[in-house]
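Asks:
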Amino acid sequence: MKPTYMLTALMLAVAAAAFAQDPSGDEIIRRMEDNQTFSSAYMEGRMIIADRFGERTVTFEMYAEGEERFLIEFTSRDEQGQRILRREDNLYLYYPDAREVIRIQGAALRDSLFGSDLSYEDMTGGRGILDDYTAERIGRSTVRGRDVWEVRLDARTTNVPYPQQIYFVDVDDYVLIESHQFARNGRKLKETEMLEIREQDGYRFPAHMRITDVTRRSSGTEMVFDRIDTGISIPASTFSLEELSW
Numbered sequence: 003m004k005p006t007y008m009l010t011a012l013m014l015a016v017a018a019a020a021f022a023q024d025p026s027g028d029e030i031i032r033r034m035e036d037n038q039t040f041s042s043a044y045m046e047g048r049m050i051i052a053d054r055f056g057e058r059t060v061t062f063e064m065y066a067e068g069e070e071r072f073l074i075e076f077t078s079r080d081e082q083g084q085r086i087l088r089r090e091d092n093l094y095l096y097y098p099d100a101r102e103v104i105r106i107q108g109a110a111l112r113d114s115l116f117g118s119d120l121s122y123e124d125m126t127g128g129r130g131i132l133d134d135y136t137a138e139r140i141g142r143s144t145v146r147g148r149d150v151w152e153v154r155l156d157a158r159t160t161n162v163p164y165p166q167q168i169y170f171v172d173v174d175d176y177v178l179i180e181s182h183q184f185a186r187n188g189r190k191l192k193e194t195e196m197l198e199i200r201e202q203d204g205y206r207f208p209a210h211m212r213i214t215d216v217t218r219r220s221s222g223t224e225m226v227f228d229r230i231d232t233g234i235s236i237p238a239s240t241f242s243l244e245e246l247s248w
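All residue numbers for the sequence shown refer to this note's numbering, where the first residue is 3 and numbers rise by one.
(1) In chain order, what residues of the same chain have a beta carbon less than 8 Å from the beta carbon of ASP203, not counting five sequence neighbours either side?
(2) Let's test the definition: count the other Cβ atoms within 10 Å of the Cβ of ASN37 and tell me whether it reaches 16, buried, or not, exposed.
(3) For LYS190, count neighbouring C-beta atoms within 10 Å of its own C-beta (all shown protein chains included) and say buried if the count is 16 or more, exposed if not.
(4) For PHE21, which of helix, strand or coil comes out of DSSP?
(5) Enumerate, from N- to C-terminal direction, the unbroken beta strand (DSSP E) stretches of 3 or more residues contained entirely within the stretch 127 to 178.
(6) Excluding sequence positions up to five away, which residues of its chain have a Cβ less than 8 Å from the Cβ of ALA110?
(7) Could you tell me which of GLN167, ARG32 and GLU102 sits nearest to ASN187, measuring between CA atoms?
(8) In the DSSP assignment, find the unbroken alpha helix (DSSP H) run with ARG212 in it and report its ends.
(9) Which residue comes first and which comes last in the alpha helix (DSSP H) that contains GLN38?
(10) Which residue wins for smallest C-alpha separation from SER143, given the options ASP174, VAL162 and GLY130?
(11) DSSP state of ASP53, grouped into three classes?
(12) Return the residue from the list ILE31, THR126 and PHE184 that minimises the CA-CA distance to LEU178.
(13) So is TRP151 buried or exposed if we call it buried at 16+ other beta carbons inside 10 Å?
(14) Could you check what DSSP says for SER121 in three-state terms: helix, strand or coil?
(15) Provide the residue span of the beta strand (DSSP E) that contains LEU73, from first to last.
(16) Who are ASN92's beta bridge partners in DSSP?
(17) Using a 10 Å radius around the Cβ and a threshold of 16 neighbouring Cβ atoms, would you call ARG139 buried or exposed?
(18) According to DSSP, simplified to helix, strand and coil, what is ALA185?
(19) Taking the continuous alpha helix (DSSP H) assigned at LEU243, which residues delimit it?
(20) Looking at the structure shown, is GLY222 part of a helix, part of a strand, or coil, going by DSSP?
(21) By the 10 Å Cβ neighbour count, where 16 or more other Cβ atoms means buried, how is GLN183 classified, buried or exposed?
(22) Is it buried or exposed, GLN107, if we count other Cβ atoms within 10 angstroms and call 16 or more buried?
(23) When the Cα of THR136 is compared with those of SER247, GLY27, ASP124 and GLN23, which residue comes out closest?
(24) Let me know the secondary structure DSSP gives GLY47 once reduced to three states.
(25) Can you tell me whether DSSP reads ARG229 as helix, strand or coil?
Printed below as a string of structure tokens:
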């Protein structure tokens, strides 16, 4: 083989090896977020809350814009008219009976939402994950028959609900399959399982999930999105405090 051909072959081999390298933790998280972050969306869904007394369903409608703004209005009989507004790092709750808007902060963020395994604190954060966490790929495994990357997320600041998380992200589709949330001392707090992955409008995202608070007796809370319309036009006033109490 001529020296020129040998050099070319060597360069191609090195390039192929570089492309074959496993992705970094940052790259895995970025690709996962690209799959499930809509520029704007309207959603209809339900929370199925199970406890020792039985099971009940809370329905809702939701408008979302980017990663930092959403408005949820609950439509089930007992919760009808209650709304949650998120703007940047602030969370507000509206009670129709009292016609009062409350900013949720401090210890109140850890309160359960309607007795579910989801807390108000779980609705905070919202910026890109990599703004709040460092990401390290720590392995590769199988979750419910799917080949996944394991990525450990360590909080950059104390202004996040969980100091550490582990994400299990599909190797082929870069969709979140499961996540575990931990306290600073390493104690597991919650688990989230994705039960259905939907493909729509060029996105692949979880459409049915189960959230389990492992610190209490719970069968988990399921969240199901029955309808998702993406890329819609949402008036700016939708996310205003005036609209919240209208």
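Even glycine gets a Cβ: it sits at the ideal position worked out from N, Cα and C.
Replies: The relevant details are as follows:
(1) THR232 and GLY233
(2) buried
(3) exposed
(4) Its pLDDT being 49, under 50, PHE21 is placed unreliably by the model, and the measurement read from it follows with that caveat. Here PHE21 sits in helix by DSSP.
(5) 135 to 145, 148 to 157 and 166 to 172
(6) TYR122
(7) GLN167
(8) Note, ARG212: premise wrong, no alpha helix (DSSP H); beta strand (DSSP E) at 205 to 215.
(9) 27 to 38
(10) ASP174
(11) strand
(12) ILE31
(13) buried
(14) strand
(15) 71 to 76
(16) ARG89
(17) buried
(18) coil
(19) 243 to 246
(20) coil
(21) buried
(22) exposed
(23) GLY27
(24) strand
(25) strand
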